[in-house]
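Written below as structure tokens is the structure these notes are about.
Residue numbers (my numbering): 3 to 132.
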């Protein structure tokens with residue numbers, strides 16, 4: 003679904019920032035980080051550009067449990083873990099790829115464009131403070 007968008011300095015900065023992160027930041031986290039080097043950037047600009055990047059398939063939007071969206075620059079299929087306690091999202095590293103079977107064509111007549119797997123539970127940091 004990737005397609006061309008008009009060039010934007012703010013969008014380039016957002017994408018560059020996401021490429022340095024593996025903690026799947028929220029829009030607020032991206033805004034706070036970029037505000038240091040781009041004092042005129044607005045929270046609305048960050049939200050709008052993250053949405054455009056996700057809509058164009060350039061980043062992943064990860065929605066968990068009705069909370070804030072998290073964003074990931076790695077668009078290749080991979081599972082994520084969501085902590086119910088602190089709300090963090092992280093990549094779930096597995097020794098073997100996790101493959102889900104495709105639905106039987108007799109049961110599903112639609113067109114599948116992708117799949118996203120999210121595991122839920124308690125992260126290591128939250129377990130250690132219990």
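We treat Cβ as the ideally placed atom computed from N, Cα and C, and that holds for glycine.
Small disclaimer: the values here were computed from a predicted structure and weren't measured.
Does DSSP classify residue 85 as helix, strand or coil?
Translated into positions along the chain shown, residue 85 becomes position 83. Strand, per DSSP.
Return helix, strand or coil for residue 108, following the three-state DSSP convention.
If you number the chain shown from 1, residue 108 lands on position 106. Residue state, collapsed to three classes: coil.
Supposed contact pair residue 84 and residue 52 - C-beta distance, whole angstroms, cut 8 Å:
The residue you call residue 52 lines up with position 50 of the chain shown. The residue you call residue 84 lines up with position 82 of the chain shown. With a contact defined as Cβ atoms closer than 8 Å, residue 52 and residue 84 miss out at about 18 Å.
The stretch 84-99 touching the stretch 43-58, judged by at least three CB pairs closer than 8 Å:
Contact fails: fewer than three Cβ-Cβ distances are below 8 Å.
First and last residue of the uninterrupted alpha helix (DSSP H) at residue 62
Translated into the one-based positions of the chain shown, residue 62 becomes position 60. Element bounds for residue 62: not the alpha helix (DSSP H) but the beta strand (DSSP E), 62-64.
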